[in-house]
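A.B. asks: Using the numbering used here, you'd call the opening residue of the sequence shown number 13 and step up by one each time.
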Amino acid sequence: MSDQVTRKIKILFAATEAVPFVKTGGLGDVAGSLPRSLNAAGAECSVILPKYASIPEEYQEKMTHIADFYVPLAWRSVYCGIEKLTYQGVDFYFVDNEAYFKRDGIYGYYDDGERFAFFSKAICEAIEKLPELQCDVLHCNDWQTALATVFLREFYQGSEACRHVKTVFTVHNVKFQGQYNDKVLEDVLGLADNPTASSQLYNGYGTIDYMKGALCYSDVITTVSPSYANELQMPFYGEGLDDIFRRRSLQLRGILNGIDTDLWNPATDKLIESNYDEDSLDRKAQDKAALQRELGLAEDPARPLIVMIGRLTNQKGLGLVRYAMNHLMERGTQVAILGTGDKDQEDAFKYFDWTYGDQMVARIAFDNALSHRMYAGGDILLMPSEFEPCGLSQMIAMRYGTLPVVRETGGLQDSVVAYNKYTGEGTGFRFTNMNADEMANCVLDACEVFWTDKDAWIKLQRQAMETDFSWSRAAGTYMDMYHSLHPEIGR
Ligand code: ADP
13 MSDQVTRKIK ILFAATEAVP FVKTGGLGDV AGSLPRSLNA AGAECSVILP
63 KYASIPEEYQ EKMTHIADFY VPLAWRSVYC GIEKLTYQGV DFYFVDNEAY
113 FKRDGIYGYY DDGERFAFFS KAICEAIEKL PELQCDVLHC NDWQTALATV
163 FLREFYQGSE ACRHVKTVFT VHNVKFQGQY NDKVLEDVLG LADNPTASSQ
213 LYNGYGTIDY MKGALCYSDV ITTVSPSYAN ELQMPFYGEG LDDIFRRRSL
263 QLRGILNGID TDLWNPATDK LIESNYDEDS LDRKAQDKAA LQRELGLAED
313 PARPLIVMIG RLTNQKGLGL VRYAMNHLME RGTQVAILGT GDKDQEDAFK
363 YFDWTYGDQM VARIAFDNAL SHRMYAGGDI LLMPSEFEPC GLSQMIAMRY
413 GTLPVVRETG GLQDSVVAYN KYTGEGTGFR FTNMNADEMA NCVLDACEVF
463 WTDKDAWIKL QRQAMETDFS WSRAAGTYMD MYHSLHPEIG R
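1) Can you check DSSP and say which residues form a bridge with Ser-482?
2) Helix, strand or coil: which one does DSSP assign to Met-493?
3) In the DSSP assignment, what residue or residues form a beta bridge with Pro-84?
4) For Arg-258, which three-state DSSP category applies?
5) Output the distance between the C-alpha atoms of Arg-48 and Gly-270, rounded to the nearest integer angstrom.
6) Considering only the alpha carbon of each residue, which of Ala-204, Cys-136 and Thr-157 lies closest to Cys-174?
7) What residues in its chain sit with their C-beta under 6 Å from that of Val-196, if we drop five residues either side in the sequence?
8) When you compare only the Cα positions, how much space is there between Trp-483 and Ser-45?
9) Could you please give me the residues that DSSP links to Lys-96 through a beta bridge?
10) Judging by CA-CA distance, which residue of Ala-52, Phe-163 and Glu-69 is the nearest neighbour of Ile-21?
11) Less than 8 Å between the CB atoms is what I'm expecting for Ala-86 and Val-59, so what's the real figure, rounded?
12) Compare the beta carbon distance of Tyr-431 and Phe-441 with 8 Å and say whether it is the shorter of the two.
13) Run the proximity test for Leu-404: is its beta-carbon closer than 7 Å to any non-hydrogen atom belonging to the ligand ADP?
14) From Lys-74 to Tyr-112, what does the alpha carbon distance come to, in whole angstroms?
15) Sorted by chain position, which residues of the same chain lie with C-beta nearer than 8 Å to Leu-244's C-beta, five sequence neighbours on each side aside?
16) If we call anything under 8 Å between Cβ atoms a contact, is Pro-278 one with Arg-411?
17) Any heavy atom of the ligand ADP closer than 7 Å to the CB of Asp-41?
18) Exposed or buried, what is Glu-95 when buried is set at 16 or more other beta-carbons lying within 10 Å of its beta-carbon?
19) Of all the options Ala-448, Leu-404, Gly-413 and Thr-414, which has the alpha carbon lying nearest to the alpha carbon of Ser-427?
20) For a minimum of 4 consecutive residues, which ranges assigned as the alpha helix (DSSP H) are wholly contained in the region 284-349?
21) Does DSSP classify Tyr-64 as helix, strand or coil?
22) Rounding to the nearest angstrom, what Cα-Cα distance links Thr-179 and Arg-485 in this structure?
23) Does the separation of the CB atoms of Pro-416 and Leu-382 fall below 8 Å?
24) Report the three-state DSSP secondary structure of Gly-440 (helix, strand or coil).
25) Identify the residues that DSSP records as bridge partners of Met-395: which are they?
26) Does DSSP put Leu-264 in a helix, a strand or coil?
27) Note the first and the last residue of the continuous beta strand (DSSP E) segment covering Ala-1.
28) Take Gly-353 and list the residues in its own chain whose beta-carbon comes closer than 6 Å to its own, dropping the five residues that flank it on each side.
29) Are the beta-carbon atoms of Ala-377 and Phe-361 separated by less than 8 Å?
30) Considering only residues of the same chain and omitting the five flanking positions on each side of Ser-230, which have a CB-CB separation below 7 Å?
31) Can you give the Cα-Cα distance for Leu-159 and Ile-139, rounded to whole angstroms?
32) Count the other CB atoms within 10 Å of the CB of Lys-466; is the residue buried (16 or more) or exposed (fewer)?
33) Should the region 287-307 be called in touch with the region 449-467, which here means at least 3 C-beta pairs below 8 Å?
34) I'd like to confirm something about Ala-26: is its beta-carbon nearer than 7 Å to some heavy atom of the ligand ADP, or not?
35) Can you check DSSP and say which residues form a bridge with Thr-219?
36) Cβ atoms of Gly-436 and Ala-388: under 8 Å apart, would you say?
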């Protein structure tokens, strides 16, 4: 192309959590590692986040105040400071407004609809006003930043800096859409007299749906695995937005997340008992023994140790585990669960812990160091999710040679290769239906290999550990997508 310019493509990654500043789930991991990998792949990617009070002091005190301005939000004019911190080569910008963000925790307030509308508008203002924040692509994530794609198009097309910007919106979990009473159209968004925007934001049930706005307005929609991209187009998974995902299926792409392979590395992990790699798998036995001792389980190498690490919510298929628990115990397995979540789930697993003595343990806590020891010490990771946009736990488990047993959905289906007993192929075990007996049979199939065919088991562990789950694979795909939005920018 003759008028192509060759320079780094500029990406502004907008999110409401990022490791190491603030994390409640997978989005925090993604926003903390993908931008670094994009920069390594030739982009100039920076991140914009709210400045929460809960960001550790060690980071807050290193931030530099670079600008302040006022953000128009319907009838309001709201103060916005911009602070900057460069961390591991990535520029992080923090939107400062104490009334909205100087609170305990990060989500769950009565005015979240207003707080994150402000954040989204502040992003657009910052792109317009600050030359260093001007970008080629604004990449928004989940409902909290969804409105930036709408505002950019509705309020900022007169601005040279904004007109050029293409938008990408990534769905990390369609369960959370940001739905509010339609009064927000006038009172917060300032879009009541804009019939196009209003109709795109209305979800058909009398409410305004921030995520729906982004699905209509973004140039490209992505989600975190190819299978979830297909599932989103089905009523069972689409949470009322499946028709829009179908309508925009040509702009919808699924790109499997990666994991931080330096942080999660059994060969160098300082938090585990004994380091090992695919050629020294015998040392993993020491991690198992140490974990059994730590958790009060019988120290027995012959019992398959099944671990589960994650939020204790219905999404994770815990009903199946509860139903099958007795059966699994009778067959002599051990089960160790680490997680927090819904009270009824926590209570159910505490009950099992109490009932099955040294065969079952439930740790109701968020404990990063223990999670490392469980990934290293387990034999099997069980993840029978009802739906799973991507899932990181199964990828981490495979990196530690802990074989996953998963339901075939979303990212679980895309990251775990089913064991084939005839060829020896595979990196784990899979079952199809939300059925407790089917799940238990699949777990017991895995145990059968563990008990009777050590060579096949070790081969599976090696194959799992050798799978590439690094971010560099995903970063390349994101780069192709960004460049397809700006063909005038050469690499
Ligand atoms: P989701 O994003 O749905 O919560 P993922 O599997 O994508 O699930 O990511 C969960 C991440 O959080 C993993 O890194 C997992 O190890 C970690 N995690 C979840 N619960 C806990 C816990 N109770 N203690 C320590 N780490 C946890």
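The beta-carbon is built from N, C-alpha and C at its ideal position, and this holds for glycine as well.
C.D. replies: This is what the structure gives:
1) For the purposes of this step, residue 482 is taken as the residue at position 470 of the sequence shown. Note: Ser-482 sits in a beta bridge opposite Ile-271.
2) Counting from one through the sequence shown, the residue named residue 493 turns up at place 481. In this structure, Met-493 counts as helix in the three-state DSSP scheme.
3) Residue 84 sits at position 72 when you count from the first residue of the sequence shown. Pro-84 pairs with Ser-89.
4) To locate residue 258, count along the sequence shown from 1; it is residue 246. Three-state DSSP puts Arg-258 in a helix.
5) The count along the sequence shown starts at 1 and reaches residue 48 at position 36. The count along the sequence shown starts at 1 and reaches residue 270 at position 258. Computed Cα separation, rounded: 12 Å.
6) Here residue 174 corresponds to residue number 162 of the sequence shown, with the count starting at 1. Checked all of Ala-204, Cys-136 and Thr-157; the closest Cα to Cys-174 is Cys-136.
7) As a first step, residue 196 must be located in the sequence shown, where it is residue number 184. For Val-196, where only same-chain residues beyond five positions count, the Cβ hits under 6 Å are Gly-125 and Ile-220.
8) To locate residue 483, count along the sequence shown from 1; it is residue 471. To locate residue 45, count along the sequence shown from 1; it is residue 33. In a straight line, the C-alpha of Trp-483 is about 8 Å away from that of Ser-45.
9) Within the sequence shown, residue 96 is the residue found at index 84, counting from 1. Looking at the DSSP assignment, Lys-96 forms a beta bridge with Thr-76 and Tyr-105.
10) Along the sequence shown, one-based indexing puts residue 21 at 9. Considering only alpha carbons, the answer is Ala-52.
11) Here residue 86 corresponds to residue number 74 of the sequence shown, with the count starting at 1. Here residue 59 corresponds to residue number 47 of the sequence shown, with the count starting at 1. Contact flag wrong, Cβ pair sits at about 27 Å.
12) Counted from its first residue, the sequence shown places residue 431 at position 419. Counted from its first residue, the sequence shown places residue 441 at position 429. Closer than 8 Å, so yes.
13) The residue labelled residue 404 in the question sits at position 392 within the sequence shown. At least one heavy atom of the ligand ADP is nearer than 7 Å to the Cβ of Leu-404, so yes.
14) The count along the sequence shown starts at 1 and reaches residue 74 at position 62. The count along the sequence shown starts at 1 and reaches residue 112 at position 100. Counting only the Cα atoms, Tyr-112 lies some 21 Å from Lys-74.
15) For the purposes of this step, residue 244 is identified with residue 232 of the sequence shown, where counting begins at 1. Result list for Leu-244: Val-183, Val-186, Thr-235, Gly-250, Leu-253, Asp-254, Phe-257 and Leu-264, in chain order.
16) Taking the first residue of the sequence shown as position 1, residue 278 is located at position 266. Taking the first residue of the sequence shown as position 1, residue 411 is located at position 399. Yes, the pair counts as a contact, with Cβ atoms nearer than the cut-off.
17) In the sequence shown, the residue the question calls residue 41 occupies position 29. It does: the Cβ of Asp-41 is within 7 Å (strictly closer) of some heavy atom of the ligand ADP.
18) Counting from one through the sequence shown, the residue named residue 95 turns up at place 83. So Glu-95 ends up on the buried side.
19) In the sequence shown, counting from the first residue as 1, residue 427 sits at position 415. Comparing Cα positions, the closest option is Leu-404.
20) 296-307 and 330-342
21) Counted from its first residue, the sequence shown places residue 64 at position 52. In this structure, Tyr-64 counts as coil in the three-state DSSP scheme.
22) Locating residue 179 in the sequence shown gives position 167, where the first residue counts as 1. Locating residue 485 in the sequence shown gives position 473, where the first residue counts as 1. If I take the Cα positions, the gap works out to 22 Å.
23) Within the sequence shown, the letter at position 404 stands for residue 416. Within the sequence shown, the letter at position 370 stands for residue 382. Against a cut-off of 8 Å, the Cβ pair of Leu-382 and Pro-416 comes out as no contact.
24) Here the question's residue 440 lines up with position 428 in the sequence shown. Gly-440 falls in the strand class under three-state DSSP.
25) Locating residue 395 in the sequence shown gives position 383, counting from the first residue. DSSP lists Val-418 as partners of Met-395.
26) As a position in the sequence shown, residue 264 is number 252, starting the count at 1. In the structure shown, Leu-264 sits in a strand (DSSP, three-state: E or B).
27) A query on residue 1 cannot be resolved here, the shown segment of the chain reaching from 13 to 503 and no further.
28) The residue you call residue 353 lines up with position 341 of the sequence shown. Within the same chain, Gly-353 has close Cβ partners Arg-323, Leu-324 and Thr-325.
29) The count along the sequence shown starts at 1 and reaches residue 377 at position 365. The count along the sequence shown starts at 1 and reaches residue 361 at position 349. The answer is no: Cβ separation not under 8 Å.
30) Locating residue 230 in the sequence shown gives position 218, where the first residue counts as 1. Taken in chain order, the residues that qualify are Thr-161, Thr-179, Val-180 and Phe-181.
31) Here the question's residue 159 lines up with position 147 in the sequence shown. Here the question's residue 139 lines up with position 127 in the sequence shown. When rounded, the distance between both Cα atoms is 15 Å.
32) Translated into positions along the sequence shown, residue 466 becomes position 454. Exposed, because fewer than 16 other Cβ atoms sit within 10 Å of the Cβ of Lys-466.
33) Judged by Cβ distances under 8 Å, the region 287-307 makes no contact with the region 449-467, as fewer than three pairs qualify.
34) By one-based count along the sequence shown, residue 26 stands at place 14. Ala-26: no, Cβ never under 7 Å from the ligand ADP.
35) Along the sequence shown, read from residue 1 onward, the residue named residue 219 stands at position 207. DSSP lists Asn-193 as partners of Thr-219.
36) Numbered from 1 along the sequence shown, position 376 holds the residue referred to as residue 388. Numbered from 1 along the sequence shown, position 424 holds the residue referred to as residue 436. No, the pair does not count as a contact, with Cβ atoms beyond the cut-off.
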